[in-house]
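Residue numbers (our numbering), protein chains in the order written: chain A, 36 to 588; chain B, 72 to 476.
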Amino acid sequence: MATLKLINGYPESMRESIKKVEETRAGRIGKLPEPMSLDARKDILDLCHPDFAEGGKREVKVGVSKGILATNEVADLLEAYPLVDKEDVDLSKVDYEVDLLVIGGGMAGTGACILANDNGIPANKMLLVSKLRHGDSNSIMAQGGTQAADRPEDSPTRHFMDALGGGHFTNKKDVLKALCEDGPIAMKWMGELGVLLDREPDNTFTELLGGGTSRRRMHAAKDYTGLEELRAMKDEFLSREIPSLEFYPVVELLSDGKKVTGALLWGLETHEYKVVRAKATVLATGGFGRLHIRGFPTSNHYGATGDGLALAYRIGAKLLDTDTVQYHPTGAAYPQQLIGQLITEKIRSKGAQPVNVNGETFVYPLEPRDVEASSFIKECYINNLGVPTPAGMMGIWLDTPLINIIHGEGATDKIFPGMVRMFSRFGIDLANDPILIFPTLHYQNGGVETDPECHTNIEGLYVAGEVTGGVHGKNRLMGNSTLDCIVFGRRAGIAAAKYIKSQSEYGKLSLDHLDGYIAELKDAGVQSGRVSPMLLPDYRGRAALARMIDVVW
Amino acid sequence: MKDVIVGLGNTIVSDDGIGIWVAEKLKADYQDIDISQALYSGYYLLDYIFGYDRAIFVDSIKTEKNPVGDVSLYRMSDFKNRSRTSIHSTDLISAIETARLYGMDVPEHIYFIGIEILDNITFQESFTPEVESLKESIYMKVKEKIEEIMEEIMSEKDLMQKIADSNKSVISGIDASEIEHWVDIYYQGRKFTVPAAVTIMQALEFAGMMLVHSCGCRAGFCGACATIYRVKGDYKLRTSMACQTKVEDGMYLVQIPFSPAEKANYDINEEKYEDNTLLKIYPSIARCVSCNTCSKACPQDIKVMDYVNAAIRGDYKRVAELSFDCIQCGLCAMRCPADIVQYHVGQLARRMYGKYGRPNVENTDKAATAVEAGDFNEEFKKIFDMTPEEVKELYVKNMKDKESA
Chain A
36 MATLKLINGY PESMRESIKK VEETRAGRIG KLPEPMSLDA RKDILDLCHP
86 DFAEGGKREV KVGVSKGILA TNEVADLLEA YPLVDKEDVD LSKVDYEVDL
136 LVIGGGMAGT GACILANDNG IPANKMLLVS KLRHGDSNSI MAQGGTQAAD
186 RPEDSPTRHF MDALGGGHFT NKKDVLKALC EDGPIAMKWM GELGVLLDRE
236 PDNTFTELLG GGTSRRRMHA AKDYTGLEEL RAMKDEFLSR EIPSLEFYPV
286 VELLSDGKKV TGALLWGLET HEYKVVRAKA TVLATGGFGR LHIRGFPTSN
336 HYGATGDGLA LAYRIGAKLL DTDTVQYHPT GAAYPQQLIG QLITEKIRSK
386 GAQPVNVNGE TFVYPLEPRD VEASSFIKEC YINNLGVPTP AGMMGIWLDT
436 PLINIIHGEG ATDKIFPGMV RMFSRFGIDL ANDPILIFPT LHYQNGGVET
486 DPECHTNIEG LYVAGEVTGG VHGKNRLMGN STLDCIVFGR RAGIAAAKYI
536 KSQSEYGKLS LDHLDGYIAE LKDAGVQSGR VSPMLLPDYR GRAALARMID
586 VVW
Chain B
72 MKDVIVGLGN TIVSDDGIGI WVAEKLKADY QDIDISQALY SGYYLLDYIF
122 GYDRAIFVDS IKTEKNPVGD VSLYRMSDFK NRSRTSIHST DLISAIETAR
172 LYGMDVPEHI YFIGIEILDN ITFQESFTPE VESLKESIYM KVKEKIEEIM
222 EEIMSEKDLM QKIADSNKSV ISGIDASEIE HWVDIYYQGR KFTVPAAVTI
272 MQALEFAGMM LVHSCGCRAG FCGACATIYR VKGDYKLRTS MACQTKVEDG
322 MYLVQIPFSP AEKANYDINE EKYEDNTLLK IYPSIARCVS CNTCSKACPQ
372 DIKVMDYVNA AIRGDYKRVA ELSFDCIQCG LCAMRCPADI VQYHVGQLAR
422 RMYGKYGRPN VENTDKAATA VEAGDFNEEF KKIFDMTPEE VKELYVKNMK
472 DKESA
């Protein structure tokens with residue numbers, strides 16, 4: 036069983052390039068390329084960003100936002116037939132009758148439940164449903180931090196301006212204002228929940244600079260920020276005995292013809308359906324990394340298949356900015372087992388520089404993510420100065436040994452325990468050797484249109500977190516997604532609680548809204564085989580798939 | 072992909088009409104592309120390109136630097152410094168930029184093909200003799216530029232294709248024909264031959280399993296894919312995360328997607344920050360026999376036993392620090408002979424320490440109070456009232472005044 040010979044995790048071919056990185060290291064400290072002008076940013080995006088490269092998008096042919104541009108993969112999801120035939124389900128037998136239904140077990144959904152409870156909705160009148168386990172989400176994987184303008188040198192307006200520029204001035208301003216203003220409130224709440232965010236010796240928060248931010252305002256919990264925030268929220272959720280139902284994804288929202296009145300669930304293990312009747316519904320289903328837009332690997336969790344987009348769209352909720360996708364500049368490109376997994380931006384905040392095969396810097400390390408990612412793609416595929424891997428990928432070195440040089444021996448282990456552990460499992464010590472990275476599909480910038488109170492254009496339907504569109508415009512800045520989940524999870528819970536109190540009766544349950552949608556699909560010539568939501572991506576080996584048959588017994 | 076070519080110019084001022092003439096001729100050669108002719112300039116030209124994905128303008132230019140009949144290709148970025156090369160594009164660039172700013176449906180890709188001419192002042196309906204004699208070669212050169220544009224677009228597609236190809240196995244399942252090295256693993260006792268370089272999770276998928284349980288974040292953060300295994304010939308029971316562990320030859324394994332371990336309910340606001348609170352809520356920690364099995368079972372290499380001991384002493388800070396990297400997979404609790412639910416204890420201790428063990432951050436409390444009092448409303452209003460140009464200026468100004476890392 037011959038295998039490739041590795042020296043501390045890397046093959047000889049890559050070691051040669053590492054030598055060059057080592058040789059240039061001392062000379063690079065403190066010397067960085069200048070940040071780009073707005074024009075230069077636009078040029079590089081036009082040239083190399085997957086959003087702009089030809090052939091990736093099309094106009095959506097059906098639905099309320101008909102004509103909106105979407106990536107092909109998202110358009111496929113929207114131009115698709117329901118999984119369930121409405122004749123097959125009996126909506127007269129209701130399994131759960133609650134005030135509030137929350138769909139999604141990440142930070143936005145969990146927060147919505149807690150705040151609805153704080154605002155007068157009893158725990159036993161709520162239900163949180165999730166496709167995987169409660170907590171298995173993109174939230175829990177967030178590493179870098181949470182932005183909040185809480186220092187005297189900073190202000191929510193400055194945060195707002197940074198995010199607006201990062202989003203290429205396309206953000207929905209009223210929603211972005213809410214995000215930035217609630218930053219300090221969110222951090223205060225984290226403290227009340229007992230979340231352990233990093234502190235300085237004088238007990239102020241440790242706050243770092245992120246890509247495209249003009250002030251240090253990134254609050255982190257080592258490189259386990261999302262994990263620490265969500266596990267404390269989940270602990271609170273469980274202590275309040277709020278009911279949840281795991282492995283029961285929503286396959287269709289229900290409506291009385293005007294407002295959302297509940298949802299149809301489908302058991303992943305049992306394959307039976309369940310009917311939920313609710314006065315208000317919060318959609319917090321997260322993003323779509325597992326659609327692998329343009330064939331990119333992803334940093335997202337297993338369930339990130341954009342289900343919420345399809346569900347909301349079929350019931351008439353408007354979408355925004357479905358043509359843009361965030362590719363995080365630093366996904367792992369080596370070893371093979373880690374491809375696509377996230378290397379936090381905080382590594383660059385702490386001084387690790389991106390360098391090419393010759394050990395040369397070529398870009399300011401903290402450009403907004405889309406700009407940084409594009410410049411990596413350019414260096415690899417246009418300038419041909421990337422580092423080839425044995426698997427045939429190209430990558431850029433992230434010179435991580437600089438972190439200990441700048442911050443002292445042991446700093447890497449202390450600040451990035453998660454990263455150190457991840458690479459050490461494959462024999463790589465990132466305190467001594469650089470790591471190889473390439474952009475990875477990271478975040479769904481667009482989604483369901485919302486306002487500062489998380490309303491959609493459909494009564495009874497609220498949205499929060501990555502499933503929404505508008506707040507980040509066409510590109511999100513680091514640290515604004517966990518903040519988004521906390522802030523709008525809270526706001527959705529508050530708004531839904533208020534709405535619930537105004538509703539004395541439950542609405543009628545029906546799937547009639549599907550009729551019109553199906554008719555539109557047929558008119559547009561969409562073939563009958565295409566269905567959504569996707570629920571789970573399929574990574575089964577091709578040999579096994581080729582022999583797959585459905586057996587009915 | 073919807074393309075449009077717009078020929079610009081005025082046929083009654085001599086060579087200025089060359090763009091119109093070229094466009095007319097292009098109609099025969101590019102029947103699947105919309106071709107129009109316009110004698111307008113600036114904002115009026117937007118009507119010709121709205122709704123298209125790609126627009127190419129063909130126009131005359133008079134740089135007086137290049138020989139007459141020369142043809143050049145410009146992109147939007149070439150006009151950054153506004154050194155204008157044509158009276159027609161002077162307004163056009165601003166018009167396009169403004170339209171983009173307001174989110175209007177202008178093409179993503181806009182190109183300008185400029186033809187160097189001699190005379191665009193004299194009123195006459197014919198070209199100058201120089202341009203007249205060169206017009207066929209001008210036409211060929213314009214066509215070359217159009218081909219160049221088409222190729223550029225193709226190479227963008229190729230670039231994306233190359234990236235997609237190199238990731239194929241990660242995104243759409245492994246093709247056995249591409250695998251050189253293999254190992255045998257035993258999943259719940261059944262033998263599967265799988266690629267040697269993959270993780271346990273990827274191996275199970277390669278074997279044809281559609282994972283529902285035991286798969287969450289796929290990156291070592293959620294604890295859903297807790298796995299226990301032995302390797303043939305080795306007595307030791309090992310633990311790992313299936314998404315973070317490479318398969319080994321002779322590995323036999325099973326997954327534990329859920330740990331039956333009861334979490335206590337408490338109101339964190341009511342609990343007292345005292346030495347015995349952890350013991351009171353989780354009395355089972357007193358049963359610890361210091362066997363250290365929990366620490367050995369931890370796939371995160373946490374010193375679990377040490378934090379259990381710290382919990383018995385009521386040392387919240389120590390528990391918080393030692394247990395911080397916990398992903399709550401529950402393997403410690405599954406292996407514990409004293410039936411302690413370590414990971415729940417760690418969670419409670421971290422929250423208690425986070426809430427009571429450190430002083431509040433004054434800055435944050437102050438900022439939150441200021442927001443609640445509406446202190447920033449006026450500043451926000453100012454920004455909301457700004458023109459798009461003013462907003463950009465403010466952004467650039469803020470960026471110049473960036474704090475250092």
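Beta carbons are placed, not taken as given, at the ideal position from N, Cα and C, and that holds for glycine.
- Within the same chain, and ignoring the five residues on either side of S197/B in sequence, the residues whose Cβ sits closer than 8 Å to its Cβ are S85 and E203.
- Taken through DSSP and simplified to helix, strand or coil, E402/A comes out as coil.
- Residues of chain A with a Cβ closer than 7 Å to the Cβ of E179/B are, in chain order, F87.
- Annotation: T348/B to D338/B spans about 12 Å, alpha carbon to alpha carbon.
- For the stretch 326-359 of chain B, residues whose beta-carbon sits nearer than 9 Å to a beta-carbon of chain A comprise P328, F329, K334, A335, N336, Y337, D338, I339 and N340.
- Identification of residues in the stretch 337-368 of chain A having a C-beta nearer than 7 Å to some C-beta of chain B yields Y337, given in sequence order.
- In the pairwise beta carbon analysis, the stretch 570-580 of chain A is classified as touching the stretch 340-360 of chain A: at least three pairs are separated by under 8 Å.
- Residues of the same chain with a CB within less than 6 Å of the CB of R76/A, apart from the 5 flanking positions on each side, are V406 in chain order.
- Against I224/B, the close residues of chain A are A88, E89 and G90, in the order they occur along the chain (beta-carbon pairs closer than 9 Å).
- Within chain B, the C-beta atoms nearer than 8 Å to that of M428/A come from S237 and N238, in chain order.
- Looking at the backbone, the Cα of V93/B and that of M211/B are separated by about 10 Å.
- Among the CB atoms of chain A, none fall inside 7 Å of the CB of C296/B.
- At a cut-off of 7 Å between beta-carbon atoms, I220/A makes contact with chain B.
- Rounded to whole angstroms, the gap between the alpha carbons of A235/B and L80/A is 18 Å.
- In terms of beta-carbon proximity, P191/A lines the interface with chain B, with at least one pair separated by less than 7 Å.
- Only E450, F451, I454, F455, P459, V462, K463, L465, Y466, V467, N469, M470, D472, K473, E474 and S475 from the stretch 449-475 of chain B bring a Cβ to less than 8 Å from some Cβ of chain A.
- Taking 8 Å as the upper bound for CB-CB distance, V318/B and I374/A are not in contact here, some 16 Å apart.
- About 28 Å separates the beta carbons of Y123/B and L199/A, which is beyond the 8 Å limit, so they are not a contact pair.
- The alpha carbon of F397/A has as its nearest neighbour, out of I412/A, S384/A and S459/A, the alpha carbon of I412/A.
- In this chain, the beta strand (DSSP E) harbouring M429/A covers M429 to D434.
- Non-local C-beta neighbours of A352/A in its own chain, meaning closer than 8 Å and more than five positions away in sequence, comprise V99, V483, E484, T491, N492, I493, L496 and V498, ordered along the chain.
- Around the beta carbon of R383/A, 16 or more other beta carbons lie within 10 angstroms, which makes this residue buried.
- Distance from A387/A to Q376/A at the Cβ level is roughly 16 Å; contact not present, criterion being Cβ atoms closer than 8 Å.
- Here N393/A is near K55/A, since their CB atoms are less than 7 Å apart.
- Under the DSSP assignment, V379/B falls in the alpha helix (DSSP H) whose first and last residues are V375 to R384.
- Contact between the stretch 558-567 of chain A and the stretch 317-335 of chain A is absent: fewer than three C-beta pairs spanning the two stretches fall below 8 Å.
- Look at the stretch 298-353 of chain A and you find these whole runs of beta strand (DSSP E), each 3 residues long or longer: 308-318.
- In the structure shown, the three-state DSSP call for D105/B is strand.
- Judged by DSSP in its simplified three-state form, I138/A adopts strand.
- With 16 or more other CB atoms across the displayed protein chains lying within 10 angstroms of its CB, S334/A is buried.
- Taking a Cβ-Cβ threshold of 9 Å, none of the residues of chain A is close to K374/B; the smallest such distance is about 13 Å.
- Proximity of chain B to Y259/A at the Cβ level (cut-off 8 Å) is accounted for by F292, F395 and D396, in chain order.
- K212/A: member of the alpha helix (DSSP H) spanning K208 to E216, first to last residue.
- At a cut-off of 7 Å between beta carbons, C407/B makes no contact with chain A.
- Of the candidates L172/B, E201/B and I220/B, the residue whose Cα lies closest to the Cα of E461/B is L172/B.
- The beta carbon of Y478/A sits no closer than 7 Å to any beta carbon of chain B.
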